[in-house]
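Scroll down for the structure; my scribbles are underneath it.
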Amino acid sequence: MSAVDLDGWLADPRGGPYWAALQDGRLVTPRCRSCGHRTSYLRWVCPACGARGEADWAETSGVGRVHSVTTQHRAPAGFDLEPPYQVALVELDDGPLVLAPVPPGAVVAIGDTVRVTTRDVPGLGRLISVGPRS
Ligand SMILES: [Zn+2]
Numbered sequence: 001m002s003a004v005d006l007d008g009w010l011a012d013p014r015g016g017p018y019w020a021a022l023q024d025g026r027l028v029t030p031r032c033r034s035c036g037h038r039t040s041y042l043r044w045v046c047p048a049c050g051a052r053g054e055a056d057w058a059e060t061s062g063v064g065r066v067h068s069v070t071t072q073h074r075a076p077a078g079f080d081l082e083p084p085y086q087v088a089l090v091e092l093d094d095g096p097l098v099l100a101p102v103p104p105g106a107v108v109a110i111g112d113t114v115r116v117t118t119r120d121v122p123g124l125g126r127l128i129s130v131g132p133r134s
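First residue of the sequence shown? That's 1 in full-length UniProt numbering, and the numbers climb one at a time after it.
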């Protein structure tokens, strides 16, 4: 049994496409149908052009630069990474910012070019993760 009710998240039209794509190993973000501006999460109004509720979910390459990074000294319940581990805020080349953990063995710094990918986390499903650009 999963520790997370993924079915509930998948059924939510505001975030379901994001979670469904993650389970397929893809990272998607909202993209305005009017101007193409991409955001980190679904918004009622596009911050670039003001269009209301008109966004699609579009796949991203996952490539971006580390905007900020911190070290996590406590892990959430059920999480598979042993603290301390890094958590990076990545500004994707497509525009949105995403926050993701850096797996053990990898270290990132502000300005590094990285790729946000997906990985299986036992009991939690497939989540995003930061790794080298390669
Ligand atoms: Zn727009």
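We treat Cβ as the ideally placed atom computed from N, Cα and C, and that holds for glycine.
Taking the alpha helix (DSSP H) that residue i belongs to, which residues open and close that run?
i: Leu22; result: Gly16 to Gln23
Drop a sphere of 10 angstroms on the beta-carbon of residue i, count the other beta-carbons inside from all chains shown, and report buried for 16 or more, exposed for fewer.
i: Arg133; result: exposed
i: Ser129; result: buried
i: Cys46; result: buried
Which residue wins for smallest C-alpha separation from residue i, given the options the options?
i: Gly105; options: Glu82, Ala48 and His37; result: Glu82
i: Val69; options: Arg26, Ser40, Val108 and Gly95; result: Val108
i: Pro30; options: Asp94, Gly123 and Thr113; result: Asp94
i: Gly131; options: Pro122, Gly125, Gly123 and Leu99; result: Leu99
i: Gly62; options: Glu91, Pro122, Cys32 and Val87; result: Glu91
i: Ala75; options: Val87, Gly50 and Val28; result: Val87
i: Pro101; options: Gly8, Gly111 and Val66; result: Val66
i: Thr118; options: Gly78, His73, Phe79 and Ala21; result: Ala21
i: Gly123; options: Val116, Gly78 and Val114; result: Gly78
i: Tyr18; options: Gln72, Thr60 and Val114; result: Thr60
State yes or no: is the C-beta of residue i nearer than 8 Å to some heavy atom of ligand 1?
i: Gly53; result: no
i: Ser40; result: no
i: Gly95; result: no
i: Ser134; result: no
i: Ala58; result: no
With H, G and I counted as helix, E and B as strand and the rest as coil, what does DSSP make of residue i?
i: Gly64; result: strand
i: Asp93; result: coil
i: Gly8; result: helix
i: Leu99; result: strand
i: Glu54; result: coil
i: Arg43; result: coil
i: Glu59; result: strand
i: Ala109; result: coil
i: Ala88; result: strand
Identify the continuous beta strand (DSSP E) that holds residue i and give its terminal residues.
i: Thr113; result: Thr113 to Val121
i: Gly125; result: Gly125 to Pro132
i: Pro31; result: One point to set straight first is that residue 31 is Arg, not Pro, in the sequence displayed. Looking at the DSSP string, the run of the beta strand (DSSP E) that includes Arg31 is Val28 to Cys32.
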